[in-house]
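Protein chains in written order, with our numbering: chain A, 176 to 486; chain B, 176 to 486; chain C, 176 to 486; chain D, 176 to 486.
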């Protein structure tokens with residue numbers, strides 16, 4: 176089996192624009208894809224947490240992948256989440272996105288159940304065995320309540336089970352173990368190590384990461400592309416300046432009142448409000464049962480955009 | 176809208192027998208249903224955690240509900256889980272089980288996402304609004320990583336959103352707040368408060384609970400029915416003796432080596448091994464990626480059965 | 176070594192009254208002791224979580240034990256917490272309370288450090304080896320962030336390391352495993368299994384527990400004594416009625432605004448406000464950095480007292 | 176009040192060498208201090224987690240600070256932990272270390288109790304009000320089970336309550352918010368932001384951190400000093416090479432079998448084994464109830480030293 180290299184560089188997790196009655200707004204979605212492609216990104220990741228995958232029905236999920244794959248028409252690789260609780264359900268979701276034309280699937284550890292490292296390993300092995308495209312592991316303890324151990328990731332990479340890692344754990348020490356473990360093993364040259372952080376991209380790339388999957392990249396793809404290129408050029412001062420501008424912009428995820436809404440509502444609400452304010456999407460609605468930003472909160476998102484030079 | 180009273184009494188969460196290649200074994204499933212009905216249970220709960228709902232594909236889930244509803248043919252009410260991450264997905268699952276003939280749906284708080292009590296309330300309100308049958312809340316923090324506050328449960332019950340509660344939190348103090356809150360409010364007389372515990376059923380019924388949803392009830396339905404009746408008769412000494420026998424039997428969930436497998440593998444593996452040893456189902460397999468019990472572990476399940484007088 | 180049986184029955188964890196400038200108010204403390212003794216309790220537990228042990232300096236801790244031991248003058252046994260992070264520090268605290276005359280020490284698992292079941296076992300073994308009085312294990316995961324496994328408690332009891340268990344875990348299923356494990360082993364007849372719950376005392380005693388350590392017992396010792404006696408008499412209807420009255424009274428711990436203060440401030444603040452309103456202590460102050468109840472919150476404590484017939 | 180700037184640069188948390196019977200080995204301790212000073216470190220931090228502060232009695236704690244302060248004799252600043260559960264106890268510990276001559280105290284959020292952000296703020300304000308030397312906040316969620324919010328740290332810094340932050344949270348995104356928040360506020364120029372990470376020091380310094388408090392710095396102080404200087408010189412390639420060598424060395428904390436011991440035993444056991452193998456301290460014993468490394472595990476520590484060029 177030849178394992179095609181998964182995408183590297185800037186790979187934004189694409190937001191899913193919704194209509195006011197919570198249907199997928201495909202014309203806003205294709206405008207968003209154009210906005211990202213124009214921004215210079217290297218690949219797209221649909222049906223991740225930032226895409227509100229946990230809130231989309233199966234029909235809507237398929238509509239999203241179909242729409243994006245058809246629209247990019249091979250210009251860029253499209254990764255798609257196959258996010259579900261356990262192996263048989265993930266395989267069903269993986270088949271669906273592969274049928275829609277996804278180039279790779281992104282898969283988490285089992286959730287909802289009480290799991291174990293041995294079961295997590297078995298899960299990825301079984302998914303990869305039966306999946307027609309490369310599998311990227313999605314390490315997101317905030318959602319699945321277990322952390323993928325660095326050693327397990329490297330073992331599965333070495334066995335050809337995993338083609339990449341998207342690390343949204345926020346644990347930069349463990350991330351670095353994967354980066355260094357990859358470098359120590361020539362056979363892992365094609366394994367893609369991607370950070371899901373918005374605010375430590377320069378650090379991650381300086382360590383040797385292959386790319387970044389920033390939710391905030393929906394709002395400012397060109398900024399992340401500049402950041403990525405500065406890092407690749409070894410111009411760390413320029414990278415740091417760009418990263419710090421993006422850190423300021425990322426402050427938008429804190430405008431939602433934590434006494435009134437959860438973290439997903441606040442972060443996804445801010446990204447969508449920003450895309451709406453920038454004229455990319457028609458409606459900033461997030462899926463149910465998320466709580467919408469207030470008018471005052473939305474105004475503060477606008478101030479973040481203005482400060483970052485985006486309005 | 177008249178809200179039909181949900182079932183009370185002994186309501187086992189029905190295991191899903193699988194074939195060696197992990198397909199639903201419908202003939203074992205109907206034999207298991209007969210075993211439960213013969214045991215005297217009051218209703219059945221399919222597609223809960225004990226049913227391995229998190230491991231069944233949508234097709235398998237529908238096959239399970241169809242099979243059970245057709246087989247019980249109205250002799251007993253059938254509750255069905257509509258277990259998924261958020262409102263739109265839960266509504267899809269609820270429609271499916273209602274179409275298959277479920278008499279009520281059982282729904283958890285959102286999971287995978289970072290949620291908030293206000294979003295949990297909104298979730299249940301939206302599900303109940305669009306669902307054709309009564310909604311029972313499923314409080315299972317171990318799986319969804321948030322606890323349903325007693326006050327929220329009572330508020331939603333008072334508003335006609337919830338028809339019942341299945342409490343698998345293990346927090347007997349909070350459970351009692353719901354029981355006492357219900358009693359204080361005449362309008363909540365029809366609200367069913369059910370414990371998901373196997374080992375504190377006598378306590379829960381003494382407090383005033385309406386019923387019990389014991390996973391171990393698959394293995395010994397008659398035992399739980401005797402326990403329930405002893406409690407209803409106010410014969411607490413008899414209830415305690417029966418409960419203590421069942422506590423001993425429940426020790427089977429600890430035979431699986433925790434160094435080698437997770438808690439779901441151990442508990443569901445033990446229940447299925449016991450059903451296989453008792454001749455109720457053809458194969459003890461659990462779904463992927465769970466780790467099977469070893470031969471020695473299965474033998475220890477047999478000893479638990481023998482001690483409890485079930486072999 | 177003969178292991179003296181630790182106290183059973185009603186063993187309130189004694190609040191530590193403070194002056195407005197946060198010094199131990201010894202005259203209020205002895206009045207509180209009189210209030211408890213008059214209420215009919217079987218023993219006293221000082222320097223537990225309800226005593227604000229985590230907020231008292233070593234000097235204040237010693238003053239508390241000295242004051243209480245001298246005042247009860249052998250009428251009742253006095254247990255004392257030796258609450259600190261690890262073995263050497265716990266031993267220092269144990270020596271101090273033994274010197275003050277405590278009849279037994281109460282000890283948690285290690286905290287602050289990243290511990291392990293093998294280290295927890297070693298901790299209790301070393302403490303018991305070097306401690307002149309019986310050791311009672313204090314299972315309080317909310318504080319120490321690990322749970323004492325039932326099997327470990329029974330093993331340590333069997334080896335004469337532990338003389339009793341105070342279970343504040345809220346996990347009634349695990350508590351029952353200890354109760355049943357004790358009963359199965361004749362050598363454990365003297366091992367005291369105590370629940371720390373205020374609201375499931377009838378359940379715990381019906382299961383076979385030996386006693387109860389209720390923080391709310393400061394406010395209404397006579398109520399817990401009546402409850403205990405009703406259980407010992409096997410009059411479960413009377414027990415349940417008394418317990419339900421106490422459950423209503425326990426509602427006082429929710430009057431403190433959780434947006435403004437933590438759970439310790441709310442619970443200890445309510446107990447002290449109630450003791451102050453009942454005229455038992457001079458000042459309701461809690462130790463720094465706890466947040467005081469507002470006047471309106473204190474008024475609601477008073478309503479709980481009135482409803483329970485205590486004002 | 177003028178708030179003296181706390182130390183920056185490389186500030187190792189000094190291990191506490193013990194004799195085989197677990198007494199403080201003061202001659203090994205002074206040798207260790209010489210080893211660190213010779214290595215070129217900028218200051219010393221005693222009585223932190225790496226010093227086994229949670230395992231030392233009050234007498235031993237005082238002996239440690241006295242010994243180190245007397246031995247360094249003003250050559251370097253000495254920070255000391257005042258690690259205890261709440262405000263009154265922390266103040267007692269702070270007074271003790273100030274009396275011994277510590278130049279600053281390091282203080283965590285309250286632990287063991289159920290706390291709240293408002294109580295955490297009040298705690299630091301009260302400690303700083305009554306403490307004669309500058310207060311550095313110690314953010315260590317792994318130990319205290321709450322995270323210091325970046326905004327709270329900045330607010331307390333702005334009010335002159337905190338002189339610095341030692342961040343052992345592993346959350347580099349939140350760390351960066353503090354670094355950037357400090358830079359945005361000219362009044363905070365003297366506030367020292369220190370990372371407690373061993374493996375992302377180059378990243379933290381590139382972001383703008385003021386220093387590092389690496390436990391592994393006991394083993395290889397010269398390595399961390401070279402790393403710090405390379406960063407200060409802006410020689411990121413040299414910094415990265417040094418950091419990666421130290422990442423390899425840090426692998427020693429994983430030699431202890433996690434099935435047999437907790438994370439503190441494994442990490443502190445490895446550091447002490449390495450110091451013993453390097454001839455700096457006489458005995459590698461860790462305090463009770465930690466589990467010692469086996470001979471085979473110690474041998475693997477030696478291999479890590481050899482690979483890093485330290486044996």
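Here a beta-carbon is modelled for each residue, glycine too, at the ideal position from N, C-alpha and C. Bear in mind the structure is a predicted one, so any value in this text is a computation, not a measurement.
Check: Report back the beta-carbon spacing between residue 422 of chain C and residue 374 of chain C to the nearest angstrom; my notes put them in contact at under 8 Å.; Outcome: 5 Å
Check: What does the alpha-carbon distance come out to for the pair residue 428 of chain D and residue 219 of chain C?; Outcome: 44 Å
Check: For the beta strand (DSSP E) that contains residue 199 of chain C, what are its first and last residues?; Outcome: Unbroken run through residue 199 of chain C: none, as it is neither H nor E.
Check: Any contact between the stretch 360-367 of chain C and the stretch 332-340 of chain C? By contact I mean 3 or more CB pairs, one from each, below 8 Å.; Outcome: yes
Check: What does the alpha-carbon distance come out to for the pair residue 339 of chain B and residue 441 of chain C?; Outcome: 30 Å
Check: Using DSSP's beta-bridge definition, name the partner residues of residue 135 of chain A.; Outcome: This structure cannot settle anything about residue 135 of chain A, because the visible part of chain A is limited to 176 through 486.
Check: Check this for me: beta carbons of residue 282 of chain A and residue 265 of chain A, under 7 Å apart or not?; Outcome: yes
Check: According to DSSP, is residue 185 of chain B part of a helix, a strand, or is it coil?; Outcome: strand
Check: Listed in chain order, which residues of the stretch 306-338 of chain C have Cβ atoms closer than 8 Å to some Cβ of chain D?; Outcome: 317, 318, 319 and 320
Check: Tell me which residues of the stretch 248-264 of chain D have at least one Cβ-Cβ distance to chain C shorter than 8 Å, keeping chain order.; Outcome: 258, 260, 261, 262, 263 and 264
Check: Looking at the strands, I want to know which residues DSSP matches up with residue 342 of chain B.; Outcome: B:314 and B:370
Check: Using only alpha-carbon positions, find the residue among B:196, B:323 and B:229 that is nearest to residue 268 of chain B.; Outcome: B:229
Check: Under 7 Å, do residue 327 of chain B and residue 314 of chain B count as touching if we go by C-beta distance?; Outcome: no
Check: Are the CB atoms of residue 298 of chain A and residue 285 of chain A nearer to each other than 7 Å?; Outcome: yes
Check: Could you name the residues of chain A that residue 351 of chain D contacts, counting a contact when the two beta carbons are closer than 9 Å?; Outcome: 374, 375, 378, 418, 419 and 422
Check: Quickly, what does DSSP pair residue 281 of chain D with across the bridge? List them, please.; Outcome: D:256 and D:311
Check: Any beta carbon from chain A within less than 7 Å of residue 345 of chain B's own beta carbon?; Outcome: no
Check: Tell me the DSSP secondary structure of residue 477 of chain C in three-state form.; Outcome: helix
Check: Here's the rule: buried if 16 or more other CB atoms are within 10 angstroms of the residue's CB, otherwise exposed. What is residue 460 of chain A?; Outcome: buried
Check: How would you call residue 226 of chain A, buried or exposed, if buried means at least 16 neighbouring beta carbons within 10 angstroms?; Outcome: buried
Check: What residues from chain C crowd round residue 471 of chain D, counting only those whose CB sits closer than 7 Å?; Outcome: The contacting residues do not exist; residue 471 of chain D stays about 17 Å from chain C at best.
Check: Between residue 348 of chain C and chain B, is the shortest Cβ-Cβ distance under 7 Å, so that the two count as touching?; Outcome: yes
Check: Taking DSSP's pairing of strands, which residues face residue 265 of chain A in a bridge?; Outcome: Answer by DSSP bridge pairing: none, since residue 265 of chain A is not bridged.
Check: Against residue 381 of chain D, what residues of chain A qualify as contacts under a CB-to-CB distance less than 8 Å, listed in chain order?; Outcome: 377, 378, 381, 411 and 415
Check: Can you give, in chain order, each stretch of the alpha helix (DSSP H) that sits fully within the stretch 401-444 of chain C and has at least 4 residues?; Outcome: 411-425
Check: Leaving out five residues before and five after residue 214 of chain B in sequence, what residues of the same chain have Cβ atoms less than 7 Å from its Cβ?; Outcome: 396, 397 and 400
Check: If we ignore side chains and look at the alpha-carbon of each, how far apart do residue 185 of chain B and residue 413 of chain C end up?; Outcome: 27 Å
Check: Which residues mark the beginning and the end of the alpha helix (DSSP H) in which residue 220 of chain C is found?; Outcome: Run containing residue 220 of chain C: none in the alpha helix (DSSP H); it sits in the beta strand (DSSP E), 219-221.
Check: Quick check: what's the CA-CA separation for residue 194 of chain A versus residue 223 of chain A?; Outcome: 19 Å
Check: On the three-state DSSP scale, how would you describe residue 362 of chain A?; Outcome: helix
Check: Just reading off the alpha helix (DSSP H) that residue 250 of chain C is part of, what are its end residues?; Outcome: First-last for residue 250 of chain C: undefined, no H or E at that position.
Check: Under the three-state reduction of DSSP, which class applies to residue 176 of chain C: helix, strand or coil?; Outcome: Reliability fails at residue 176 of chain C, whose pLDDT of 38 lies under 50, so the model's placement of it is uncertain and the value that follows must be treated cautiously. Reduced to three states, the DSSP call for residue 176 of chain C is coil.
Check: Could you confirm whether any beta carbon from chain C is found closer than 7 Å to the beta carbon of residue 178 of chain B?; Outcome: For residue 178 of chain B, the predicted structure reports a pLDDT of 45, less than 50, and the residue's modelled location is therefore unreliable. A value from the coordinates is still provided. So, not an interface residue.
Check: Taking beta-carbon pairs under 7 Å, can you tell me which members of the stretch 456-481 of chain A lie near chain B?; Outcome: 462, 463, 464, 465 and 466
Check: Near residue 295 of chain C, which residues of its chain fall below 8 Å by C-beta distance, leaving aside the five closest residues on each side in sequence?; Outcome: 284, 285, 321, 323 and 327
Check: Could you check whether the stretch 196-209 of chain D touches the stretch 236-251 of chain D, counting it as contact only if at least three pairs of C-beta atoms, one from each stretch, sit closer than 8 Å?; Outcome: yes
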